[in-house]
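Below: the structure, in structure tokens.
There are 2 protein chains.
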Amino acid sequence: MERKTVTPREMIESLLEGKKYSALREVLNTMNPVDIAVIFEEIQDEKIALLFRLLPKELAADAFVEMDEESQKILIHGFSDTELKEVIDELYVDDAVDIIEEMPANVVKRILRQADPDVRKQINEILKYTDDSAGSIMTTEFVVLRPMMTVEEAIKRIRRTGIDKETIYTCYVCDTKSTLVGIITIKDLLLAGEDDTIESIMTTNVISVNTLDDQEEVAQKFNKYNFLALPVVDKENRLVGIVTVDDAIDVMEEEVTEDIQKMAAITPTTDKPYDKIGVFETYASRIPWLLILMISATFTGMIIASFESALAASVVLTAFIPMLMDTGGNSGSQASVTIIRSLSLGEIEFKDIFKVMFKEARVSLLCGVTLAVANFIKMMLVDRMLLNNEDITLAVALVVCLTLIVTIFFAKLVGCTLPLFAKKLGFDPAVMASPFITTIVDAISLFVYFEIATAVLKI
Amino acid sequence: MERKTVTPREMIESLLEGKKYSALREVLNTMNPVDIAVIFEEIQDEKIALLFRLLPKELAADAFVEMDEESQKILIHGFSDTELKEVIDELYVDDAVDIIEEMPANVVKRILRQADPDVRKQINEILKYTDDSAGSIMTTEFVVLRPMMTVEEAIKRIRRTGIDKETIYTCYVCDTKSTLVGIITIKDLLLAGEDDTIESIMTTNVISVNTLDDQEEVAQKFNKYNFLALPVVDKENRLVGIVTVDDAIDVMEEEVTEDIQKMAAITPTTDKPYDKIGVFETYASRIPWLLILMISATFTGMIIASFESALAASVVLTAFIPMLMDTGGNSGSQASVTIIRSLSLGEIEFKDIFKVMFKEARVSLLCGVTLAVANFIKMMLVDRMLLNNEDITLAVALVVCLTLIVTIFFAKLVGCTLPLFAKKLGFDPAVMASPFITTIVDAISLFVYFEIATAVLKI
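From first to last, the protein sequence lines stand for chains A and B. Following my numbering, the numbering of the first sequence begins with 1 at its first residue and continues without gaps. Following my numbering, the numbering of the second sequence begins with 1001 at its first residue and continues without gaps.
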């Protein structure tokens, strides 16, 4: 007999139903906060508060951070002021800021009222930075050491203050003016002698970011240097916060989603998951580019209109328009997307434009000739001989194949240069992807097609 | 007078030129290994070995790991056996494996011959796992503790053995059979009492991966749970390695590049940067999909051919073909790319298909009606009244606008369902992006167009 496997959620619901609270507490205690958060998002609203109160304080706060804003709102709404204060006290400052940013004004006020004055000050400090800046994703809870401390003193200090810090694995050495003078890892500390001074073993070539730097730049630094945390300094080079690798990973993911959306002609508007975005919001993010691209396609229509008499004389030419447009578009997209990705990985820059063009030109000729040969064989063998279509003459096949080669050549060149120019001019290269390139390449391919056709077919 | 800023590379080259070796050593000592590696990739081949010998041992090894394979080959070629052994001794095992995977067989043999027997065994262990598996990206250097140890003993052990471990921040508690029974962070250790046993303070609900799991799954776990390291166990649940967050970030980046390439009809073949890939390799990764999509476009051509007489009767219809095809393609791509990204972020699953379809249907009607209205106004005001094109009748405008609405509806439905089906059937949804969707939507849009045209215009 097959037995149905019970999901963690069903197990928890049935324990809750049966009021088996101590068993429930044991079960929750073995779970990861992320998985607990998922369960909170799925169970009935009226049971959330009860379940939350079964969690030990620290686990409760960790799970709270991971929940979606709906569950957080329900919980905050049900909290007494004391409960709310307890949760906030357990949160890291940057997590508290993330939550506050999603809450309505009245909830924000309540949260800030319950926070310790010191924490409230730190929260307000971070809230002041614009979205997408390094300051907005940093936390203000880090371990500060002094250059003249001994390793023994430093470890004592970490033991005393470490519990509230987001990371203790990298410690920051500051002078009395809060200027960052070095960093030291806990590994360095543990492997050093107890009487060594911090100054004598710290790393002084510190890579840091400025509070106003773009968060994408921060993520790229993590990617390049394999850091676990990165210090954030203000204009006066004073250490004001750190960004940890988990937040940097979130930024990387956000930026990739934005790039992919832009490549598909979607205006990035939100970082909410697909199932949380409403129909109108989705519509609003998609319609602008559809409109712009539709209007742009008018030019392509005008090219066709101006060759109307040629088309009327040789209607068979119309049948190849979709294939030529698509192949041109696809060739251009391949080049543009490759260049966009290389730009965002920092592999190439604007100064490489001629090298890039030369390479794409050679690739385009190889691709063009291959496709032209394949298409020629197909047109002569399948269309003309097998399907007996007498409109497909040798001349028509030559026109189509020649157009393929020329179109692919231009498509790849347009595809590889536009993202580079966009970057140079300070625009996001990701916009120069498939839809945009396709619209331009369509016009090029049709123009080339009709020019070659009128010349070869004498129409 | 403007002064030209000197790049680090120029500075180092001029110091090298002037044989200022001690100054050079000082300068290199303040630099990050990643930045040193970049300079090695740029300077002349014959100077590489000299510059490398100026680096302190540890920094030399760290920089060596970050270089491209060309510079690594040149260096290894110039190394004496003793020098090679010194560098290998400094490397972490997983970095050594990464290097070996890129080297020709004779160099691999030389490296393995110089490695310590123990290290050689570990390297061969990792090499045995297939590319893309968790085993292939793990390292075998981690800190193992025993359940009955006290915190004091544990910290002593870390101090003694930590120097060679890739991370000491998470320690792994194993029983005598190497079964993983818990994990403990160095933060837990430092904040606990010296006489507590490891068993009493370790976390027992450990999330781990199997050696044979896909590396993408590993990266997703990092993303979901914000780990700094993740244990890798074999079939018998014995701990054989760990994956650290920096390697997981590399995997994320690799997977995103692959997805983006597939979305643009490129066959991912290599993880080399753009400027390191040859023309033929680029050609080989692009031509297969171009061929497949070109052949598929034949069907679109056949649809046009079968409506040839209708087109001959009303040539003005041809001018709107590119606009209809492009708008359909763009609408479909928006939906497909959104779904592909949501799938890879784990936001939706196949079981959500009806919810997704319902939402996309509503979005598509909103988009369709907006575009139809805009297009109707444009055709009647601009094309007919301003440009005086008398072929554009009210009936023609109605045909085009009605086609827009129907096409966008189908485009969005095809775009959102195909990636879900691909995932369900075990294919990569990323292939179901713009180029593929465009080819299908082209055929749909033309078919709809001509059907509506023959019905309304009675041709």
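All residues carry an ideal CB built from backbone N, CA and C; glycine is no exception. Fair warning: this is a prediction, and the values are worked out from it, not measured in the lab.
Beta-bridge pairing of residue i - partner residues as DSSP gives them
| i | result |
| --- | --- |
| A:ILE462 | Missing from the structure shown is residue 462 of chain A; chain A here goes from 1 to 459 and no further. |
| B:VAL1243 | B:LEU1230 |
| B:THR1139 | B:ILE1242 |
| B:ASN1210 | B:VAL1233 |
| B:LEU1145 | B:VAL1173 |
| B:SER1133 | B:ASP1214 |
| A:THR461 | In the structure as shown, chain A starts at 1 and stops at 459, and residue 461 of chain A therefore has no counterpart that could be examined. |
| A:THR197 | A:THR150 |
Interface residues of chain B facing residue i [CB-CB closer than 8 Å]
| i | result |
| --- | --- |
| A:ALA319 | GLY1301, MET1302, ILE1304, ALA1305, GLU1308 |
| A:ASP98 | The contacting residues do not exist; A:ASP98 stays about 13 Å from chain B at best. |
| A:VAL461 | This structure gives no information on residue 461 of chain A, because the portion of chain A shown stretches from 1 to 459. |
| A:ASP352 | ASP1275 |
For residue j and residue i, believed in contact at Cβ under 8 Å, the rounded distance
| i | j | result |
| --- | --- | --- |
| B:MET1466 | A:MET252 | A question about residue 1466 of chain B goes unanswered here, because the residues of chain B that appear run from 1001 up to 1459. |
| B:ARG1009 | A:LEU191 | That pair is no contact at about 33 Å. |
| B:MET1138 | B:VAL1232 | 5 Å |
| B:THR1179 | B:TYR1169 | No, B:THR1179 and B:TYR1169 are not in contact; Cβ-Cβ is about 22 Å, not under 8 Å. |
| B:LEU1413 | B:GLU1360 | 6 Å |
| A:THR244 | A:ALA229 | 5 Å |
| B:MET1325 | B:SER1445 | 6 Å |
| A:GLN72 | A:ILE99 | 6 Å |
| B:PRO1429 | B:ALA1265 | About 14 Å separates the two Cβ atoms, so there is no contact after all. |
| B:VAL1315 | A:LEU311 | 6 Å |
Buried versus exposed call for residue i [16 or more other C-beta atoms within 10 Å across all chains shown]
| i | result |
| --- | --- |
| B:LEU1189 | buried |
| A:GLY193 | exposed |
| B:GLY1241 | buried |
| A:LYS355 | exposed |
| A:ILE163 | exposed |
| A:LEU387 | exposed |
| B:ALA1432 | A quick correction: the sequence has Met, not Ala, at residue 1432 of chain B. Looking at its Cβ environment, which holds 16 or more other Cβ atoms inside 10 Å, B:MET1432 is buried. |
| B:MET1001 | Low confidence applies to B:MET1001: its pLDDT is 44, below 50, so where it sits in the model is not reliable enough to give any reading. |
| B:GLU1042 | exposed |
| B:SER1200 | exposed |
| A:THR204 | exposed |
| A:GLY415 | buried |
| A:THR130 | exposed |
| B:VAL1006 | exposed |
| B:ALA1219 | buried |
| A:ILE198 | buried |
| B:SER1080 | exposed |
| A:VAL173 | buried |
| A:LYS262 | buried |
Chain B contact residues for residue i, given Cβ-Cβ distances below 7 Å
| i | result |
| --- | --- |
| A:GLN334 | ALA1264, ALA1265, ILE1266, ARG1286 |
| A:ARG159 | LEU1190, LEU1191 |
| A:GLY162 | LYS1187, LEU1190, LEU1191 |
| A:ASN388 | Within chain B, no residue comes near A:ASN388; the closest Cβ sits about 13 Å away, beyond 7 Å. |
| A:ASN375 | MET1294 |
| A:TYR225 | ASN1032, VAL1034 |
| A:THR393 | Result: empty, since nearest Cβ-Cβ is about 15 Å, beyond 7 Å. |
| A:THR139 | Neighbours of A:THR139 on chain B: none; closest Cβ ~13 Å, over 7 Å. |
Beta-carbon neighbours of residue i, restricted to chain B and to distances below 9 Å
| i | result |
| --- | --- |
| A:MET252 | ILE1249, MET1252, GLU1253, VAL1256 |
| A:LEU345 | GLU1253, THR1257, PRO1273, TYR1274 |
| A:THR130 | The contacting residues do not exist; A:THR130 stays about 25 Å from chain B at best. |
| A:ASN237 | Under the 9 Å cutoff, chain B gives no residues; its nearest Cβ is about 17 Å from A:ASN237. |
Under 8 Å by beta carbon: chain A residues contacting residue i
| i | result |
| --- | --- |
| B:LYS1359 | VAL279, THR282 |
| B:CYS1171 | What B:CYS1171 touches in chain A: nothing, since even the nearest Cβ is about 12 Å away. |
Cross-chain neighbours of residue i in chain D, by beta carbon under 7 Å
| i | result |
| --- | --- |
| A:ARG341 | The structure shown contains no chain D; the protein chains it does contain are A and B. |
Partners in chain A for residue i, counting only beta-carbon separations shorter than 9 Å
| i | result |
| --- | --- |
| B:LEU1371 | ILE287, LEU290, LEU291, MET294 |
| B:ASP1326 | LEU293, MET294, SER296, ALA297, THR300, MET325, GLY329, PRO435, THR438, THR439, ASP442 |
| B:ASN1205 | ASN29, THR30, MET31, ASN32 |
- Using 8 Å as the Cβ pair cut-off and three pairs as the minimum, do the stretch 1022-1034 of chain B and the stretch 443-451 of chain A touch? Not touching, per the Cβ criterion.
- Query: Counting Cβ pairs, one atom from each stretch, are 3 or more of them under 8 Å apart for the stretch 87-96 of chain A and the stretch 52-64 of chain A?
  - Reply: The stretch 87-96 of chain A is in contact with the stretch 52-64 of chain A.
- Stretch pair the stretch 283-299 of chain A + the stretch 1247-1261 of chain B: three plus CB contacts closer than 8 Å: The stretch 283-299 of chain A is not in contact with the stretch 1247-1261 of chain B.
- Message: For the stretch 402-415 of chain A against the stretch 360-369 of chain A, do three or more pairs of beta-carbon atoms, one drawn from each stretch, fall closer than 8 Å, so that the two count as touching?
- Response: Below 8 Å, enough C-beta pairs join the stretch 402-415 of chain A and the stretch 360-369 of chain A to call them touching: three or more.
- Message: For the structure I just gave you, are there three or more beta carbon pairs, one from the stretch 302-310 of chain A and one from the stretch 323-339 of chain A, closer than 8 Å?
- Response: Taking a cut-off of 8 Å for Cβ pairs, the stretch 302-310 of chain A and the stretch 323-339 of chain A do not touch, as fewer than three such pairs fall below it.
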